[in-house]
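Chemist: Position 139 of the sequence shown, counting from 1, maps to 139 under the working numbering, and the rest follow consecutively.
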Amino acid sequence: MPSETLWEIAKAEVEKRGSSENEGDGAEIGEKSVFFIGSKNGGKTTIILRCLDRDEPPKPTLALEYTYGRRTKGHNIPKDIAHFWELGGGTSLLDLISIPITSDTLRTFSIVLVLDLSKPNDLWPTMENLLQATKLNIDKVIMKLGKKNSKAASEMRQKMWSNMQKDHPDFDSEKRKVICKTLRFVAHYYGASLMFTSKSEALLLKIRGVINQLAFGINKSKSICVDQNKPLFITAGLDSLSQIGPPPLPDNDIGKLHARSPMDLWKKVYEKLFPPKSINTLKDVKDPAKDPQYAESEVDEMRIQKDQELEQYKRSSSKSWKQIELDS
């Protein structure tokens, strides 16, 4: 029996790789991206540093921060790389969400939403604004991809993004029940994981395990805790609507809310107990460019000059368009 030629061996290897990529769940892909969004000062940087074993004090995130981590798989095997992105400013910098979300990264992309439960009145508007902005950008990328590759776009629509919650302050039992059940519903709705954490070393280790699963595709945790008197820990796929139950409100009151969807119903129930603050209070009005901590005379002078040139250009452009309209 004749031996295979080098060309036949190479062809078989390529076909084998293509088959494994199509059949796999992405766990073997060497690069993944994890995007942290959420409440301002909610602990996103702390979680990232802990996952990367970096013993350094967290610094405030001004806009969009990037770092990466690597993990060795074996001798002479390329290391897995995880790209970590972090959006600062809470809901004040939504325009920057589009930067990490691209057609190249989306297939192995995870969203980690960190919420500050010590501010329950800000929780829903923060969560809603960030998730809506993220979903909008993801939909744009998929729509653009669909024009080139409809099959790949269809596969991406079936992917779900991961969501993580933060902190577990003391509330009375009824308030805690509403917070826990609401977040369980939102996490289940998006096919996501839900975890409460704090500065406790044991909880940080559990969070680190989940982030490593997102970043490097290691084994997913099967542990679960749904006791509202303890920090919740529910991995995606382990919860159900029957276990979560209906919104914690009497049936006759639920009928008066006139909700358009299940998500809208849970929102109305939550905001009945925790009325949201004005959205303006959630935005950071400080301009980092004007922060004296980062003052640089030459750069600042050039910035002023360019701002003046921009305003002058806007005025001249406006006059030009008005003249065109008059001539026509």
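We put the beta carbon where it would ideally sit given N, CA and C, even for glycine.
1) Is the distance from the Cβ of L194 to the Cβ of S110 below 8 Å?
2) Which runs of the alpha helix (DSSP H), 4 residues or longer, sit entirely within the segment 76-114?
3) L204 bridges to which residues according to DSSP?
4) Is the Cβ-Cβ distance between V269 and Q243 less than 8 Å?
5) On a Cα-Cα basis, can you pick out the residue from I142, D95 and K119 that is closest to D104?
6) Taking all protein chains shown into account, do 16 or more other C-beta atoms lie within 10 angstroms of the C-beta of G237, making it buried, or fewer, making it exposed?
7) Looking only at C-alpha atoms, which of P60, P276, I218 and T72 sits nearest to E86?
8) Sort A187, V210, F216 and G217 by Cα distance to P223 and report the nearest one.
9) For the segment 51-59 against the segment 183-199, do three or more pairs of beta-carbon atoms, one drawn from each stretch, fall closer than 8 Å, so that the two count as touching?
10) Just mark M330 as buried or exposed, buried being the case when its beta carbon has 16 or more other beta carbons within 10 Å.
11) Using three-state DSSP, classify F185 as helix, strand or coil.
12) I'd like to know whether the C-beta atoms of L130 and T91 end up nearer to each other than 8 Å.
13) Relative to the ligand GTP, is the shortest distance from any of its heavy atoms to the C-beta of C225 smaller than 7 Å?
14) For I224, name the three-state secondary structure that DSSP assigns.
15) Exposed or buried, P100, counting other C-beta atoms within 10 Å across all chains shown (16 or more means buried)?
16) Closest by CA to K32, which one among K177, E56 and Y68?
17) From which residue to which residue does the beta strand (DSSP E) around L64 run?
18) Which residues in the same chain have their Cβ closer than 6 Å to the Cβ of A133, if we skip the five residues on either side of it in sequence?
19) Assuming the contact rule is C-beta atoms closer than 8 Å, F233 and R71 should be a hit. Round their C-beta distance to whole Å, please.
20) So, I179 versus V114, is the Cβ gap smaller than 8 Å?
21) Considering only the beta carbon of each residue, do E56 and G88 sit closer than 8 Å?
22) Does L282 come out as helix, strand or coil in the three-state DSSP assignment?
23) In the structure shown, what three-state DSSP assignment does F36 receive?
24) Would you mind reading off the limits of the alpha helix (DSSP H) that contains S242?
25) Please classify I138 as buried or exposed, where buried requires at least 16 neighbouring CB atoms within 10 angstroms.
26) In this structure, does DSSP put Q308 in helix, strand or coil?
27) Leaving aside the five residues before and after L273 along the sequence, list all residues of the same chain whose C-beta is less than 7 Å from its C-beta, in chain order.
28) Under the three-state reduction of DSSP, which class applies to F274: helix, strand or coil?
Modeler: The structure says:
1) No, the pair does not count as a contact, with Cβ atoms beyond the cut-off.
2) Within the segment 76-114, no complete alpha helix (DSSP H) run reaches 4 residues.
3) Partner(s): none; L204 has no beta bridge.
4) Not a contact, by the Cβ cut-off of 8 Å.
5) Looking at the Cα atoms, I142 is the closest of the given residues.
6) By the neighbour-count criterion, in which a residue is buried when 16 or more other Cβ atoms sit within 10 angstroms of its Cβ, G237 is exposed.
7) The residue with the shortest Cα to Cα distance from E86 is P60.
8) Checking the sequence, you will find Ser at residue 223 rather than Pro. Checked all of A187, V210, F216 and G217; the closest Cα to S223 is V210.
9) No: fewer than three Cβ pairs fall under 8 Å.
10) Limits of the chain in this structure are 1 at one end and 328 at the other, which puts residue 330 out of reach.
11) In the three-state scheme derived from DSSP, where H, G and I count as helix and E and B as strand, F185 is classed as helix.
12) Yes, they are a contact pair.
13) The ligand content of the structure shown is nil, which means the ligand GTP is not present either.
14) I224 falls in the strand class under three-state DSSP.
15) Result: buried.
16) K32 has its Cα closest to that of Y68, out of K177, E56 and Y68.
17) Looking at the DSSP string, the run of the beta strand (DSSP E) that includes L64 is L64 to R71.
18) Scanning its chain for C-beta atoms nearer than 6 Å, with the 5 sequence neighbours on each side dropped, one finds around A133 the residues L94 and I97, in chain order.
19) Incorrect: roughly 23 Å between the Cβ atoms, too far for contact.
20) No.
21) No, they are not a contact pair.
22) With a pLDDT of only 49 at L282, under the threshold of 50, the placement of this residue in the model should not be trusted; the figure read from the coordinates follows. Three-state DSSP puts L282 in a helix.
23) Residue state, collapsed to three classes: strand.
24) S242 -> alpha helix (DSSP H) spans L241 to I244.
25) Burial call: buried.
26) If DSSP states are grouped into helix, strand and coil, Q308 belongs with the helices.
27) Spatial neighbours of L273 in its own chain (CB-CB distance under 7 Å, excluding positions within 5 residues in sequence) are listed in chain order as K175 and V178.
28) Reduced to three states, the DSSP call for F274 is coil.
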